[in-house]
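Mapping to the working numbering: the sequence shown position 213 is 214, numbers consecutive.
Ideal Cβ placement from N, Cα and C applies to all residues, glycine included.
Since this is a predicted model, take the numbers as computed values, not measurements.
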Amino acid sequence: METDVTAIVVFSLVYLVVPGAVVVLRAFRFPREAQFAQWARTYGLELTDDNRPVVIAYLRTTRRFRALGGAAGWSIGGLLPLLISPPLPLGIDNLSLALAGYFGGAALAELRFSHRVAGPTPRRASLVPREMDDYVAPWVRRVSWAAVALALTLLGVYAALDRVGDGGRPAIEVLPGVLGAATVVAVATWAQRRLVHRPQPLSAPDLVAADDALRASSASTAAGAGIISALLALSTVLSSILLATRAWPVRWLIIVAGMGILALIVASLVSVFHPEPWWFGRRHSERATA
Numbered sequence: 002m003e004t005d006v007t008a009i010v011v012f013s014l015v016y017l018v019v020p021g022a023v024v025v026l027r028a029f030r031f032p033r034e035a036q037f038a039q040w041a042r043t044y045g046l047e048l049t050d051d052n053r054p055v056v057i058a059y060l061r062t063t064r065r066f067r068a069l070g071g072a073a074g075w076s077i078g079g080l081l082p083l084l085i086s087p088p089l090p091l092g093i094d095n096l097s098l099a100l101a102g103y104f105g106g107a108a109l110a111e112l113r114f115s116h117r118v119a120g121p122t123p124r125r126a127s128l129v130p131r132e133m134d135d136y137v138a139p140w141v142r143r144v145s146w147a148a149v150a151l152a153l154t155l156l157g158v159y160a161a162l163d164r165v166g167d168g169g170r171p172a173i174e175v176l177p178g179v180l181g182a183a184t185v186v187a188v189a190t191w192a193q194r195r196l197v198h199r200p201q202p203l204s205a206p207d208l209v210a211a212d213d214a215l216r217a218s219s220a221s222t223a224a225g226a227g228i229i230s231a232l233l234a235l236s237t238v239l240s241s242i243l244l245a246t247r248a249w250p251v252r253w254l255i256i257v258a259g260m261g262i263l264a265l266i267v268a269s270l271v272s273v274f275h276p277e278p279w280w281f282g283r284r285h286s287e288r289a290t291a
């Protein structure tokens, strides 16, 4: 009995606590100058003496909140199976909870920082109306909603066929993950709309440019949360069907589709940290000067 308890404690420290602690400690380090420059280049911002403190505060706040959320999600995902007897719903594990914590921390950071950017200063509406497509490519939202719709449709077909006896998981165990993904996509879409239409502080041009870059960064994070959650939910449904079916054409089709989904998940994750041109929309600042 003592051996089992010791093994659980060692596992918890090595597998759950240590990785989260390392991530958090790295996040609380002061960002390097190269990180500022890279972020500015990514979002087309020229750093000045006036807007540099804004960028520094933004990067420090978001890094810390994201790290804390991701570490908490990772630890909770590993501890829950040890503390509760019923198995977690399919698709809810360390990785999904770590991602949920990461993006949840990012959302809290954006809300906290948006008030600091706006502050008590006068605000104005832009002469050129902003659109969501200015900051994130429209295909990102379309793929997110399409993945959720396809996951729900396939899950309905899977439940109607009732193939649990063939080795699959009950559809009711998969449903919470899909509904959770749909909620994340809806919240991510709302957050992007809110970010885009937030009034802009009446400031110097370099601060206005910094504010526009912050919008692009925040919208990119929100869009990443939506599409990754939707694709993970779709992959969970497909894996359940894969386990339940014996028809090799269907199995091969699912395998090929799964490889494509995995590639898109990885590309989306990379784009959240290092956005590429194919991820961006045509940003408002570029439209305003066109």
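Buried or exposed (CB count within 10 angstroms, at least 16 for buried), residue i
i, result
"residue 263", "exposed"
"residue 131", "buried"
"residue 178", "buried"
"residue 154", "exposed"
"residue 253", "exposed"
"residue 243", "buried"
"residue 121", "Low per-residue confidence applies at residue 121: pLDDT is 48, beneath 50, and the placement is therefore not dependable enough to give any value."
"residue 261", "exposed"
"residue 251", "exposed"
Close-in-space but distant-in-sequence residues of the same chain around residue i (CB under 6 angstroms, 5 per side omitted)
i, result
"residue 272", "280"
"residue 274", "none"
"residue 197", "131 and 133"
"residue 145", "186, 227, 228 and 231"
Integer-rounded CB distance, given that residue j should sit under 8 angstroms from residue i
i, j, result
"residue 235", "residue 152", "4 angstroms"
"residue 189", "residue 223", "5 angstroms"
"residue 39", "residue 60", "Not quite, the Cβ-Cβ distance comes to about 10 angstroms (not below 8 angstroms), so this is no contact."
Contact under 7 angstroms by Cβ, residue i with residue j
i, j, result
"residue 162", "residue 238", "no"
"residue 141", "residue 228", "yes"
"residue 276", "residue 43", "yes"
"residue 232", "residue 99", "no"
"residue 187", "residue 230", "no"
"residue 52", "residue 215", "no"
"residue 48", "residue 58", "no"
"residue 70", "residue 103", "yes"
"residue 193", "residue 220", "yes"
"residue 150", "residue 185", "no"
"residue 46", "residue 210", "yes"
"residue 241", "residue 158", "no"
"residue 74", "residue 108", "no"
The ligand NAP heavy atom lying under 6 angstroms from the CB of residue i
i, result
"residue 148", "The ligand NAP is not part of this structure, which contains no ligands at all."
Neighbourhood of residue i by C-beta, 8 angstroms cutoff - its chain only, sequence neighbours within 5 removed
i, result
"residue 110", "62, 63, 65, 66 and 67"
"residue 113", "62 and 66"
Other residues of its chain near residue i: CB distance less than 7 angstroms, five sequence neighbours each side excluded
i, result
"residue 77", "98"
Checklist line | Length-filtered (4 minimum) alpha helix (DSSP H) runs lying within the stretch 174-246 | finding: 206-245
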